[in-house]
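Visitor: Here my numbering is used: position 145 in the sequence shown is 450, and no number is missing along the way.
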Amino acid sequence: MKELRYLNKYFAKYKFRFLLGIFITIIAQIVSLFVPKLISKSINVIADFQKNETTAVAAKVDLIHNILWILLATIVAGVLTFLMRQTLIVMSRHVEFDLKNEVFQKYEVLDQNFFKKNRTGDLMNRISEDVAKVRMYVGPAVMYTINTFIRFAIVIIYMFSASPKLTLYTLLPLPILAFVIFKLSTEINKRSTAFQQFLSRVFTFNQEIFSGIRVVKAYALEKKKQTNLKALAEESKEKSMGLARVQSLFGPLMIALIGISNLTVIYFGGMMFINQEHGMTEIGSIAEFIMYVNMLTWPVASIGWVSSMVQEAEASQKRINEFLKVDPEIKNTTSLHTEIKGDIEFRNVSYTYEDTKITALQDISFKIHKGETLAILGKTGSGKSSILSLLTRMYDTKQGAILIDGHPIEEVNLFDLRHSIGIVPQDAFLFSDSIKNNIKFGKENATEEEVIAAAKNAVIHDNITNFTNQYETILGERGITLSGGQKQRVSIARALIKDPEILLFDDCLSAVDTETEEQILSNLVKVSKNKTTIIVSHRVSSAKNADKIIILEEGKIIQQGSHNQLVNQEGYYKELYYKQLSEKEVE
Ligand SMILES: Nc1ncnc2c1ncn2[C@@H]1O[C@H](COP(=O)(O)OP(=O)(O)OP(=O)(O)O)[C@@H](O)[C@H]1O
Ligand SMILES: [Mg+2]
């Protein structure tokens, strides 16, 4: 129960509902317990008539009288039970909602390293399956426990006052019932969890096939994938059948145990009635006892059921707690607002990726001022994107210093930093939403004109107007698929509309032709006049107008300077320049 203590704050939050729920539960139980007493009285009336102790008319009046009372008690108990669910179960839904939000908010503050360590499936599971199991503790488990306690307390008092001896006999099978149900529920939960996990594997498999359908078809792998899926489906059927087998034991077991208890009452109660022992002098008492025993079986079974539910919730809450305790490595260290101008300096920065131990950057130093443009060139894997990741604080490094306007980057307000950076990542990601909303992602309250202006600067406006739905065209799963170059340009428009102090372009012109590239670059010169710009590229054409160019190789700067300096220097840049120049001439 240690882990579940975390939820106490939610019980406190909803204490009014919780206490009201408990109160209603108590009343509902008391009212429903009038019924056995009334039935016992009715049977006794019939017995009295049989023994000629009362007249037919008086017996009829008594019977109808009792039946009306039974009806009333049942209706009131029914309404109260409905209200009990409305308070306690609704409370658990509120807690579920709050907890899901808490988990989601935590996801949002955690950093890249966390998401690399945890698979998406696990994260989704935690927010849906685990939270759902915890809800079972907050709602049903609590409700049934209260129910059981109260019913037990009252029924046992009634039974004991009638006949302690018969009470003992009838209660004997109940602990066995609770134990068996506990074992059974635990087994059901175990199998159902295994089945769920397996289902999510099947789900992931399917999802990958759907998203990779083009590759699957192009490589003619349909048959093979079908065989794989069939094997998975077969195994999932096995697991599901195994679960159903155990589940199907539940009902018969309950009936058997109730039957045993009833037989115990009839036998021992009957014997005691025949001997006219104390408490069993009237035939109605036997009926009353049978009712009590039946009223007790479900609560007793629920002890087993609830214990296994609590066990599950404890395990789930443990997983949730573990991750709520994770401290994001990238933290905002100040609540003060920082105005960002755009001077950037790297001072002897090295960076090694934690998980792969790959040293992506070694002793990198450069400086650019507000309004200047830096181009970064280098072979694939040389560390270009890593520089941008450090600059947007996707990762932090302990070796060397990164300064923004002369302040160490860790001391700059993280949100201000990210607000003043417009990045176009290497793998342009677009949401399954309209083109307009994808561009507006950079500035939520942007006007129509601003969206169009940004699209024009990114040289994508004409493409968009050619679509039937223009800016309202839906992208992705339920819409059209943009070409690689179109995606890159929508992504550029998204960064431009933000009108940030710092613009970072990560190889984002790689999929556009050189003519469009020229156009975008000349637009950029206009819009980024007072902005600090870093352009990562493989092409000299993207770099040649930059104020400064650095060439990376295996994480180290091997050349730096302006275009004019570098073309007159033997090395990577000069080679690349002449190679790409001759390619252009061929075109
Ligand atoms: N998220 C990451 N986790 C672990 N290692 C990484 C990660 N990103 C990059 N690396 C490694 O760091 C090195 C530098 O990668 P980086 O992405 O910075 O290269 P790049 O110059 O941008 O290459 P490209 O031109 O292909 O985009 C590579 O060896 C790469 O394997
Ligand atoms: Mg890269």
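The beta carbon of each residue, even a glycine, is placed where N, CA and C say it ideally should be.
For the beta strand (DSSP E) that contains residue 656, what are its first and last residues?
Guide: Translated into the one-based positions of the sequence shown, residue 656 becomes position 351. 649–657 is the span of the beta strand (DSSP E), which, as asked, contains residue 656.
Visitor: Who does residue 837 pair with in a DSSP beta bridge?
Guide: What you label residue 837 is simply residue 532 of the sequence shown in a count that begins at 1. DSSP, once it has assigned bridges, lists 807 as partnering residue 837.
Visitor: Where residue 793 and residue 693 are concerned, what is the direct C-alpha to C-alpha distance, given to the nearest angstrom?
Guide: Counting from one through the sequence shown, the residue named residue 793 turns up at place 488. Counting from one through the sequence shown, the residue named residue 693 turns up at place 388. Taking the straight line from one Cα to the other gives about 17 Å.
Visitor: Please tell me whether, using a cut-off of 7 Å, the distance from the CB of residue 861 to the nearest non-hydrogen atom of ligand 2 is below it.
Guide: The residue given as residue 861 occupies position 556 in the sequence shown. Flag unset: Cβ of residue 861 not near ligand 2.
Visitor: Throw me the rounded Cβ distance for the residue 594 and residue 570 pair, which I believe falls under 8 Å.
Guide: Here residue 594 corresponds to residue number 289 of the sequence shown, with the count starting at 1. Here residue 570 corresponds to residue number 265 of the sequence shown, with the count starting at 1. Yes, they are in contact, since the Cβ atoms of residue 594 and residue 570 sit about 5 Å apart, within 8 Å.
Visitor: Could you say which of 601, 421, 605, 374 lies nearest to residue 336 if we only look at CA atoms?
Guide: For this step, residue 336 is matched to residue 31 along the sequence shown. For residue 336, the nearest C-alpha among the options comes from 374.
Visitor: What did DSSP end up calling residue 797 once you bin it into helix, strand or coil?
Guide: The residue labelled residue 797 in the question sits at position 492 within the sequence shown. Reduced to three states, the DSSP call for residue 797 is helix.
Visitor: For the pair the region 596–612 and the region 434–449, tell me if three or more CB-CB distances fall below 8 Å.
Guide: Counting Cβ pairs under 8 Å, three or more are found: they touch.
Visitor: For residue 668, name the three-state secondary structure that DSSP assigns.
Guide: For the purposes of this step, residue 668 is taken as the residue at position 363 of the sequence shown. Residue state, collapsed to three classes: strand.
Visitor: Grab the span of the beta strand (DSSP E) containing residue 608 for me, first residue to last.
Guide: Here residue 608 is taken as the residue at index 303 of the sequence shown, counted from 1. Where residue 608 is concerned, there is no enclosing beta strand (DSSP E), although the alpha helix (DSSP H) it sits in stretches over 588–629.
Visitor: With DSSP run on the structure shown, which of helix, strand or coil describes residue 525?
Guide: For the purposes of this step, residue 525 is taken as residue 220 along the sequence shown, with counting starting at 1. It is coil, neither helix nor strand.
Visitor: Between the Cα of residue 502 and those of 535, 371, 544, 803, spot the shortest distance and give me the residue it belongs to.
Guide: Taking the first residue of the sequence shown as position 1, residue 502 is located at position 197. Residue 502 has its Cα closest to that of 544, out of 535, 371, 544, 803.
Visitor: Could you please go through the chain and list the residues whose beta-carbon is closer than 7 Å to any non-hydrogen atom of ligand 2?
Guide: With the cut-off at 7 Å, the residues found are 689, 690, 731, 811, 812, 841.
Visitor: Does the region 853–860 come close enough to the region 684–704 to have 3 or more Cβ pairs within less than 8 Å?
Guide: Yes, the region 853–860 is in contact with the region 684–704.
Visitor: I'd like to confirm something about residue 665: is its beta-carbon nearer than 7 Å to some heavy atom of ligand 1, or not?
Guide: As a position in the sequence shown, residue 665 is number 360, starting the count at 1. Checking the Cβ of residue 665 against ligand 1 gives yes.
Visitor: Flag residue 416 as yes when its Cβ comes closer than 7 Å to any non-hydrogen atom of ligand 1, and as no otherwise.
Guide: Residue 416 sits at position 111 when you count from the first residue of the sequence shown. No.
Visitor: Quick check: the region 485–493 against the region 574–590, are at least 3 beta-carbon pairs closer than 8 Å?
Guide: No, they do not touch.
Visitor: Is the number of C-beta pairs between the region 806–814 and the region 828–847 that are closer than 8 Å three or more?
Guide: Touching, yes, given that three or more Cβ pairs across the two stretches are closer than 8 Å.
Visitor: Measuring from the CB of residue 789, is there a heavy atom of ligand 1 at a distance below 7 Å?
Guide: Stepping through the sequence shown from its first residue, residue 789 is reached at position 484. Outside the cutoff, so no.
Visitor: Among all the DSSP beta bridges, which residues are the ones paired with residue 712?
Guide: By one-based count along the sequence shown, residue 712 stands at place 407. Residue 712 pairs with 709.
Visitor: Just the C-alpha distance for residue 333 and residue 432, rounded to the nearest angstrom, thanks.
Guide: Taking the first residue of the sequence shown as 1, we reach residue 333 at position 28. Taking the first residue of the sequence shown as 1, we reach residue 432 at position 127. Computed Cα separation, rounded: 34 Å.
Visitor: Do residue 510 and residue 537 have their beta-carbon atoms positioned less than 8 Å apart in this structure?
Guide: Within the sequence shown, residue 537 is the residue found at index 232, counting from 1. Within the sequence shown, residue 510 is the residue found at index 205, counting from 1. Against a cut-off of 8 Å, the Cβ pair of residue 510 and residue 537 comes out as a contact.
Visitor: For residue 772 and residue 514, I'd like the C-alpha separation in whole angstroms.
Guide: Start at 1 with the first residue of the sequence shown, and residue 772 comes out as number 467. Start at 1 with the first residue of the sequence shown, and residue 514 comes out as number 209. Distance between the alpha carbons of residue 772 and residue 514 is about 29 Å.
Visitor: Quick one: what's residue 678 bridged to in DSSP?
Guide: For the purposes of this step, residue 678 is taken as residue 373 along the sequence shown, with counting starting at 1. According to DSSP, which records beta bridges pairwise, residue 678 is partnered with 838.
Visitor: Could you check which residue in 834, 438, 385, 427 has the C-alpha nearest to that of residue 400?
Guide: As a working mapping, residue 400 is identified with position 95 in the sequence shown. The option with the nearest alpha carbon to residue 400 is 438.
Visitor: Give, in chain order, every unbroken run of the beta strand (DSSP E) that is at least 3 residues long and sits entirely within the region 694–770.
Guide: Those beta strand (DSSP E) runs which fall completely within the region 694–770 and span 3+ residues are 704–709, 726–729.
Visitor: Rounded to whole angstroms, what's the CA-CA distance from residue 326 to residue 390? Just pull it up for me.
Guide: Residue mapping note: residue 326 aligns to position 21 of the sequence shown, counting from 1. Residue mapping note: residue 390 aligns to position 85 of the sequence shown, counting from 1. Approximately 8 Å, taken between the alpha carbons.
Visitor: So, is the C-beta of residue 866 closer than 8 Å to a C-beta in chain C?
Guide: This model lacks chain C altogether; it includes just one protein chain.
Visitor: One question on the structure: do residue 344 and residue 596 come within less than 8 Å of each other, judged by their Cβ atoms?
Guide: Taking the sequence shown and counting its residues from 1, the one referred to as residue 344 is at position 39. Taking the sequence shown and counting its residues from 1, the one referred to as residue 596 is at position 291. In this structure, residue 596 lies closer than 8 Å to residue 344 by Cβ.
Visitor: I'd like to check one pair, residue 619 with residue 308: are the Cβ atoms closer than 8 Å?
Guide: Locating residue 308 in the sequence shown gives position 3, counting from the first residue. Locating residue 619 in the sequence shown gives position 314, counting from the first residue. Against a cut-off of 8 Å, the Cβ pair of residue 619 and residue 308 comes out as a contact.
Visitor: Around the Cβ of residue 528, are there at least 16 other Cβ atoms within 10 angstroms (buried) or fewer (exposed)?
Guide: Reading the sequence shown from its first residue, position 223 is the one you call residue 528. Classification of residue 528: exposed, given that the 10 Å Cβ count is below 16.
Visitor: Which residues share a DSSP beta bridge with residue 858?
Guide: For the purposes of this step, residue 858 is taken as the residue at position 553 of the sequence shown. Partner(s): 861.
Visitor: Under 8 Å between the Cβ atoms of residue 801 and residue 743?
Guide: Numbered from 1 along the sequence shown, position 496 holds the residue referred to as residue 801. Numbered from 1 along the sequence shown, position 438 holds the residue referred to as residue 743. Their beta carbons are not under 8 Å apart, which means residue 801 does not touch residue 743 by this criterion.
Visitor: Within 8 Å, do at least three Cβ pairs link the region 316–326 to the region 627–639?
Guide: Short answer: they don't touch.
Visitor: Can you tell me whether residue 814 is helix, strand or coil according to DSSP?
Guide: Here the question's residue 814 lines up with position 509 in the sequence shown. Correct three-state label for residue 814: coil.
Visitor: Report yes if the CB atom of residue 640 is closer than 8 Å to the CB atom of residue 652, and no otherwise.
Guide: On the sequence shown, position 335 is the one that residue 640 refers to. On the sequence shown, position 347 is the one that residue 652 refers to. No, the pair does not count as a contact, with Cβ atoms beyond the cut-off.
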